[in-house]
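Using our numbering, the letters of the sequence shown correspond one by one to residues -10 to 33.
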Amino acid sequence: MVLRLLRANLDNDLRALEEVAALLEEIHGAWREISPQAQQRAVA
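In structure tokens form, the structure reads like this:
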């Protein structure tokens, strides 16, 4: 992703920035789902 962002910046490529943003949103969503599950296991 870092290299993709670098190329996007160098080439002024909005589509590449949107691609990375979508990937980061997917990762963020996964982390949000993991957090409550981990908290439930810690309590049990």
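For every residue, glycine included, the Cβ atom is placed at its ideal position computed from N, Cα and C. For clarity, every value in this text was computed on a predicted model and none was experimentally measured.
- At a Cβ-Cβ threshold of 8 Å, A10 and A(-3) do not count as neighbours.
- For D0, the secondary structure class from DSSP, reduced to helix, strand or coil, is helix.
- Contact check for E8 against R21 fails: the beta carbons are separated by 8 Å or more.
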